[in-house]
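Heads up: the sequence shown begins at 81 in our numbering, then just goes up one per residue. Virtual Cβ for every residue (Gly too), placed ideally from N, Cα, C.
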Amino acid sequence: MVLRFPKRWLNRALVYAGIFGVVFQLCAAAVAVWHEMALYPGWWLTLLAPFLCISSGMLPILQLQKESH
Numbered sequence: 081m082v083l084r085f086p087k088r089w090l091n092r093a094l095v096y097a098g099i100f101g102v103v104f105q106l107c108a109a110a111v112a113v114w115h116e117m118a119l120y121p122g123w124w125l126t127l128l129a130p131f132l133c134i135s136s137g138m139l140p141i142l143q144l145q146k147e148s149h
């Protein structure tokens, strides 16, 4: 199984949304640490949804639009 960046528009949109979500969550955590605000212990669980978007766009078994090879 080789991971490739998807060509179909829906799969590509899911990957972009997931990447944006990961970057946003990490920036929010960095800002909270910068302002010395306590992060709750399970803050990393907020990364599950963006990683699910990325995996559903990249993994062939989870793709909503099947990629042609």
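Handout entry: Three-way DSSP call (helix, strand, coil) for Gln105 in this model
Key = helix
Handout entry: CA-to-CA distance, Phe104 to His115, given in whole angstroms
Key = 16 Å
Practice task
Given a cut-off of 8 Å, decide if Val102 and Met138 are closer than it, judged by their beta-carbon atoms.
Solution key: no
Practice task
Can you give me the Cβ contacts of Gly122 inside the same chain, cut-off strictly under 6 Å, excluding the 5 residues immediately before and after it?
Solution key: none
Handout entry: Nonlocal neighbours in the same chain, by C-beta distance under 8 Å from Cys133, ignoring five residues either side
Key = Leu94, Val95, Ala97, Gly98, Gly101
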